[in-house]
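Numbering (the numbering used here), first residue to last: 176 to 330.
Put into structure tokens, the structure is as follows:
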């Protein structure tokens, strides 16, 4: 039997409480754009370009059933946006300016992670790979960000 080659993630879709507010969050705060590759259905679903992949934003129909991307329990935990390391601090500032709940950010030796939540409580991440992005080794400090104090500290 021939092995199938997976080319990557095509799309991730999230159900939302208010599609218009969610599209505004993902376009104006996160910076994604409504795609031209897939037709949108206003009030029902939108697809947003996310590099070669798409994010589907779908209007939820049943508000009594919740299953957001979350830390605990079975099911999805989060999905991550790939950003350039030079944009990492700007992403934190943009989220804070828009009053987005940040869980924490961490700069590890090889990868940097910023965890935050969308309007419906779905856990999201922005990931940077500083060495792959060409940052000088002097910028590769192990730090953790405290969103309450809005400051970094070594760990």
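Backbone N, C-alpha and C fix where the C-beta goes; we use that ideal spot for every residue, glycine too.
Query: Within a Cβ cutoff of 8 Å, which residues of the same chain sit near residue 252, ignoring the five residues on either side of it in sequence?; Result: 244, 245, 246, 298
Query: Taking C-alpha atoms, which residue in 318, 309, 304, 191 lies nearest to residue 255?; Result: 304
Query: Compare the C-alpha of residue 295 against each of 242, 219, 213, 228 and name the closest.; Result: 242
Query: With residue 179 as the anchor, note down where its beta strand (DSSP E) starts and where it stops.; Result: Unbroken run through residue 179: none, as it is neither H nor E.
Query: Kindly indicate which three-state DSSP category residue 242 falls into: helix, strand or coil?; Result: coil
Query: With H, G and I counted as helix, E and B as strand and the rest as coil, what does DSSP make of residue 266?; Result: helix
Query: Let's test the definition: count the other Cβ atoms within 10 Å of the Cβ of residue 293 and tell me whether it reaches 16, buried, or not, exposed.; Result: buried
Query: Pick from 189, 314, 265: whose alpha carbon is nearest that of residue 250?; Result: 189
Query: Assign residue 223 to buried or exposed, taking buried as 16 or more other Cβ atoms, counted over all protein chains shown, within 10 Å of its Cβ.; Result: buried
Query: Give the DSSP bridge partners of residue 216, in chain order.; Result: 220
Query: Identify which residue in 200, 309, 194 has its Cα closest to the Cα of residue 274.; Result: 200
Query: Please specify which runs of the alpha helix (DSSP H), each continuous and at least 4 residues long, are wholly inside the segment 182-206, giving them in chain order.; Result: 194-199
Query: Quick one: Cα of residue 267 to Cα of residue 319, how far?; Result: 12 Å
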